[in-house]
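**Q** In terms of my numbering, the sequence shown opens at residue 1 and continues consecutively. In this text, a Cβ means the ideal position worked out from N, Cα and C, and glycines have one as well.
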Amino acid sequence: MVATVSLPSSIESLLGDEAESLLTHKAKISKDLLHLPGPDWVERIFAQSDRSPQVLRSLQQLYSTGRLANTGYLSILPVDQGIEHSAGASFAPNPIYFDSENIIKLAIEGGCNAVATTLGVLGTLSRKYAHKIPFILKLNHNELLTCPNQFDQIMFASVEQAWNLGAIAVGATIYFGSPESGRQIQEVSRAFARAHELGLATILWCYLRNGEFKQDQDYHLAADLTGQANHLGVTIEADIIKQKLPELNGGYAAVAKALGKSYGKTDSRVYSDLTTDHPIDLTRYQVLNCYAGRAGLINSGGASGKKDKAEAIRTAVINKRAGGCGLISGRKTFQRPFEKGVELFHLIQDVYLSSEITIA
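What follows is the structure, given as structure tokens:
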């Protein structure tokens, strides 16, 4: 039986003026069209797929660990910022995380389903911790030491290394829309196929990156564009999609206007029938593009800041009510004192454990 918790009063207060809207909204797209998280997730969704018994076992281990075990929801600690954003920029706020062991300890104490991090972090401690918490090896990264800075995801590790150190899954990022996206799609597609051959699950960071996506507003966060990125991600058999929370819509039209010519393809019904400007509806469109939820959608908690708790809880409520399967929380947790990071993880997990926060 899955344990549930009462809705902590702090969650409603953290939502502030948005509390009623976020907790009572009725979604534009019916939840009946979606495959929703639940205790039988692996058996109901993946057991009928082409995933091997070894992949099913890896997925089941992922979904059966931590405070959210056997709920169908995920709470993951991702720490690849030492490469993506530089170690100094990432760990100076809390220098204990220069030591790779503290990253893994935070995931365990935080009640996470898994820790997703670099080959170096997992490799230094695999014999001590691979059997204590599921490892997700992030295969590719963008490094910021090349001068001038470049933005390209390049492979830092192999699937075989992930298997050898005891990981149950691999993760990768594709910058959809970037000049390098064609190469990245092919590289990650091959890596994911190999991961499934070896019995590992796959998680794709489906990010957008192109200067044309940033106009009067940041359309890297548009529901229509991120939704299509998700759809490309599930096409190469990502078992789980990681995406930024959408903040607006109309990315196709905005880019076309900036270019002065047509861009991509969409349909007016995406905006009239399938979405509204409500954040739950925008996120539900992301879920819909993940084969109606057959690949679970996890959203990111965003960058660290003064309103970490409020923003993380808001994201968790939106993700859960939209039909997503969890939250991935990095800088908001490790750029604060260890105990405060653990506390924030538990607060986020309480959203998913609460029977009072339902699918919209």
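May I have the straight-line CA-CA distance separating F345 from R314, to the nearest angstrom?
**A** Here residue 345 is taken as the residue at index 345 of the sequence shown, counted from 1. Here residue 314 is taken as the residue at index 314 of the sequence shown, counted from 1. Taking the straight line joining both Cα atoms gives about 13 angstroms.
**Q** Which runs of the beta strand (DSSP E), 3 residues or longer, sit entirely within the segment 252 to 295?
**A** For the segment 252 to 295, not a single whole beta strand (DSSP E) run of length 3 or above is found.
**Q** Could you spell out where the beta strand (DSSP E) holding I328 opens and where it closes?
**A** In the sequence shown, residue 328 corresponds to position 328, counting from 1. Where I328 is concerned, the enclosing beta strand (DSSP E) stretches over 326 to 328.
**Q** Under the three-state reduction of DSSP, which class applies to N164: helix, strand or coil?
**A** Numbered from its first residue, the sequence shown carries residue 164 at position 164. Helix, per DSSP.
**Q** Determine the closest residue to Y207 out of R190, H231, V317, with distance taken between C-alpha atoms.
**A** Start at 1 with the first residue of the sequence shown, and residue 207 comes out as number 207. If we check each option's Cα against that of Y207, H231 comes out closest.
**Q** Tell me whether I10 sits in a helix, a strand or coil according to DSSP, three-state version.
**A** Looking up residue 10 in the sequence shown gives position 10. For the sequence presented, residue 10 should be read as Ser rather than Ile. Three-state DSSP puts S10 in a helix.
**Q** Using alpha carbons as the reference points, say which of I348, R67, T202 lies closest to N140.
**A** Counting from 1 along the sequence shown, the entry for residue 140 is found at position 140. Among I348, R67, T202, the Cα nearest to that of N140 is on T202.
**Q** Counting pairs of Cβ atoms below 8 angstroms between the segment 285 to 294 and the segment 223 to 238, do you hit three or more?
**A** The segment 285 to 294, when compared against the segment 223 to 238, does touch it at the 8 angstroms Cβ threshold.
**Q** Could you give the first and the last residue of the continuous alpha helix (DSSP H) run that contains L22?
**A** As a first step, residue 22 must be located in the sequence shown, where it is residue number 22. 19 to 24 is the extent of the alpha helix (DSSP H) around L22.
**Q** If you run the structure through DSSP and keep just helix, strand and coil, what is H141?
**A** Walking along the sequence shown from the start, residue 141 turns up at place 141. Three-state result, H141: strand.
**Q** For D40, does the count of other Cβ atoms within 10 angstroms reach 16, so buried, or fall short, so exposed?
**A** One-based indexing of the sequence shown puts residue 40 at position 40. Exposed.
**Q** Helix, strand or coil: how does DSSP classify F176 here?
**A** The residue given as residue 176 occupies position 176 in the sequence shown. Three-state DSSP puts F176 in a strand.
**Q** Can you give me the Cβ contacts of I318 inside the same chain, cut-off strictly under 7 angstroms, excluding the 5 residues immediately before and after it?
**A** Your numbering for residue 318 matches position 318 in the sequence shown. Hits under 7 angstroms: L22, L245, P279, I280, T283.
**Q** Between Y271, N249, I240, which has its C-alpha nearest S300's C-alpha?
**A** Position 300 of the sequence shown holds residue 300. Taking only the C-alpha atoms, the option nearest S300 is I240.
**Q** For Q81 and R331, which I take to be in contact (beta-carbon distance under 8 angstroms), what is that distance rounded to the nearest angstrom?
**A** Taking the first residue of the sequence shown as position 1, residue 81 is located at position 81. Taking the first residue of the sequence shown as position 1, residue 331 is located at position 331. Between R331 and Q81 the Cβ distance is about 7 angstroms, and since that is below 8 angstroms, they are a contact.
**Q** Whether or not the segment 249 to 257 and the segment 157 to 170 are in contact is what I'm after, with contact meaning three or more pairs of Cβ atoms, one per stretch, closer than 8 angstroms; do they touch?
**A** No, the segment 157 to 170 does not touch the segment 249 to 257.
**Q** Could you give the first and the last residue of the continuous alpha helix (DSSP H) run that contains P53?
**A** In the sequence shown, residue 53 corresponds to position 53, counting from 1. Segment 53 to 63, the alpha helix (DSSP H) holding P53.
**Q** Following the continuous beta strand (DSSP E) through Q243, name the residue where it begins and the one where it ends.
**A** The residue labelled residue 243 in the question sits at position 243 within the sequence shown. Unbroken beta strand (DSSP E) run through Q243: 240 to 243.
**Q** With DSSP as the reference, label F135 as helix, strand or coil.
**A** As a position in the sequence shown, residue 135 is number 135, starting the count at 1. Three-state DSSP puts F135 in a strand.
**Q** Could you tell me whether the Cβ atoms of I136 and G111 are closer together than 8 angstroms?
**A** Here residue 136 refers to the residue found at position 136 when the sequence shown is read from its first residue. Here residue 111 refers to the residue found at position 111 when the sequence shown is read from its first residue. No, these two residues do not count as a Cβ contact at 8 angstroms.
**Q** So A114 and I133 are in contact, right, with Cβ under 8 angstroms, and what is the actual spacing, rounded?
**A** Walking along the sequence shown from the start, residue 114 turns up at place 114. Walking along the sequence shown from the start, residue 133 turns up at place 133. With a Cβ gap of about 7 angstroms, A114 and I133 count as contacting.
**Q** Determine which residues share a DSSP beta bridge with S90 and list them.
**A** As a first step, residue 90 must be located in the sequence shown, where it is residue number 90. S90 is not bridged to any residue.
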